[in-house]
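A.B. asks: Take this structure first; my questions come after.
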């Protein structure tokens with residue numbers, strides 16, 4: 003199959019600028035929606051492209067390239083959507099000059115709440131729940147803190163929801179008009195604006211280390227800042243590349259933040275407890 | 666720190682030159698830039714760490730801390746030596762052996 007190419011708007015993922023082209027305009031539309039939170043007009047960009055090559059074996063007939071270089075292939079483009087999102091994420095993190103934490107992040111009234119944790123700790127689920135509840139989405143994966151300003155640089159990538167979270171967000175099941183459901187076989191990639199609003203750049207006000215523990219009582223347990231600093235370093239991408247600078251930046255982050263361990267028994271109670279914390283901080287009750 | 670240093674009241678501990686210190690609410694995080702390892706000091710350890718200047722002896726430090734904390738000197742000495750030995754084991758001190 004060949005035809006006219008369609009293209010997403012230019013996007014910027016923590017300094018990594020890109021567009022995606024495909025021959026199927028419905029796929030381009032879906033990808034454009036996924037990356038809409040990263041849209042950024044400007045010049046200069048990398049180019050991902052989906053190509054169909056009828057002469058290749060069926061199992062590798064669709065190729066995903068970056069600037070003409072083959073990255074992945076599969077039988078159909080829909081199978082490569084997750085690869086694309088993960089590749090963009092890796093490029094964003096590896097190329098970013100900021101200190102980047104493995105964390106979810108949300109914003110309310112220009113105060114950032116970050117949720118640093120390793121995989122499977124419930125970051126994305128909690129972040130999505132908080133955005134659905136009205137907080138601004140910063141990222142579900144990589145909180146970038148600018149060393150000079152200590153401000154979080156929003157990185158509203160597509161949410162990547164694992165099957166374990168699907169029942170909590172039935173309304174977020176992606177339903178683009180594509181020829182196959184392969185794009186959501188293993189995870190749901192969800193456009194941020196389908197969940198809620200995008201957050202603004204802001205300083206970190208609260209650091210909470212989530213740990214999903216089914217059936218446990220959901221609670222925020224205050225944590226000493228020095229201990230929190232150590233934990234943050236464990237959740238910093240490429241900490242060893244510039245440990246002293248990263249440590250100094252993270253120390254300033256925790257110096258002006260409340261720090262907690264966050265045991266999460268279930269999503270609803272976790273969202274509720276964060277909303278109560280926000281209300282208590284603002285002294286005005288729940289956020290509107 | 667030289668191997669198996671003798672650490673006693675005559676020692677003059679000094680912070681390792683490659684150790685970067687961050688203090689937060691009375692607790693310290695130490696980054697050993699030679700190994701890229703991090704260490705967390707509790708309040709007592711941080712208090713002792715702050716006294717290391719390479720000149721003051723352990724005896725001086727213990728006397729100061731005992732006065733400041735209002736604790737018996739013997740108890741402070743035991744705690745201080747324990748902290749110093751632990752820091753030395755972790756390679757965070759310059760040679761603090763007693764002088765000639």
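Protein chains in written order, with my numbering: chain A, 3 to 290; chain B, 666 to 765. Positions of the beta carbon are idealized from the N, C-alpha and C atoms, including for glycine.
(1) For residue 763/B, which residues of its own chain have a beta-carbon under 7 Å away from its beta-carbon, when the five flanking residues on both sides are left out?
(2) Assign residue 84/A to one of two classes, buried (16 or more other C-beta atoms within 10 Å of its C-beta) or exposed (fewer than that).
(3) Can you say whether residue 71/A is buried or exposed, counting buried as having 16 or more other CB atoms within 10 angstroms of its CB?
(4) Using a Cβ cut-off of 9 Å, which residues of the stretch 217-229 of chain A contact any Cβ in chain B, in chain order?
(5) Who are the near neighbours of residue 53/A in its chain, counting only those whose CB is closer than 6 Å to its CB and skipping five residues on each side?
(6) Would you mind telling me which residues of chain A sit closer than 9 Å to residue 683/B, beta carbon to beta carbon, in chain order?
(7) Looking only at its own chain, which residues have a Cβ that is under 8 Å from the Cβ of residue 316/A, when we skip the five neighbours before and after it?
(8) Tell me which residues of the stretch 248-265 of chain A have at least one Cβ-Cβ distance to chain B shorter than 8 Å, keeping chain order.
(9) Which same chain residues end up closer than 7 Å to residue 290/A when comparing Cβ atoms and leaving out the 5 residues on each side of it in sequence?
(10) Starting from the Cα of residue 752/B, find the closest Cα among 714/B, 729/B, 734/B and 719/B and give me that residue.
(11) Which class does residue 281/A belong to by DSSP, given the choice of helix, strand or coil?
(12) May I ask which residues mark the beginning and end of the beta strand (DSSP E) holding residue 155/A?
(13) Sort out for me which residues DSSP pairs residue 702/B with in a bridge.
(14) Smallest Cα separation from residue 229/A: which of 695/B, 680/B and 756/B?
(15) Tell me which residues share the same chain as residue 765/B and place their Cβ nearer than 8 Å to its Cβ, disregarding the 5 neighbours each side in the sequence.
(16) Under 8 Å by Cβ, that's how I've got residue 139/A and residue 95/A pegged, so tell me the actual separation to the nearest angstrom.
(17) Assuming residue 245/A is part of the beta strand (DSSP E), what are its boundary residues?
(18) With H, G and I counted as helix, E and B as strand and the rest as coil, what does DSSP make of residue 48/A?
(19) Taking C-beta pairs closer than 9 Å, name the residues in chain A that residue 699/B reaches, listed in chain order.
(20) Which residues does DSSP pair with residue 139/A in a beta bridge?
(21) Ordered along the chain, which non-local residues of its own chain (more than five positions away) have a Cβ less than 8 Å from that of residue 141/A?
C.D. replies: From the atom records:
(1) Residue confidence is low: residue 763/B scores 46 on pLDDT, short of 50, so the model does not pin down where it sits. No coordinate-derived value is stated.
(2) buried
(3) exposed
(4) 226, 227, 228 and 229
(5) 65
(6) Ordered by position in chain A, no residue passes the 9 Å Cβ test against residue 683/B, which lies about 10 Å from the chain.
(7) Outside the modelled stretch of chain A, which goes from 3 to 290, sits residue 316/A, for which no answer is possible.
(8) 249, 250, 253, 256 and 257
(9) Note on residue 290/A: pLDDT 43, under 50, position unreliable in the model; the coordinate value appears next. So no residue of the chain qualifies.
(10) 714/B
(11) helix
(12) 153-155
(13) 697/B
(14) 695/B
(15) With a pLDDT of only 41 at residue 765/B, under the threshold of 50, the placement of this residue in the model should not be trusted; the figure read from the coordinates follows. Within the same chain, residue 765/B has no close Cβ partners at all.
(16) That pair is no contact at about 18 Å.
(17) From DSSP, residue 245/A is part of no beta strand (DSSP E) but of the alpha helix (DSSP H) over 245-257.
(18) strand
(19) Under the 9 Å cutoff, chain A gives no residues; its nearest Cβ is about 11 Å from residue 699/B.
(20) 108/A and 200/A
(21) 105, 106, 107, 129, 156, 157, 158 and 159
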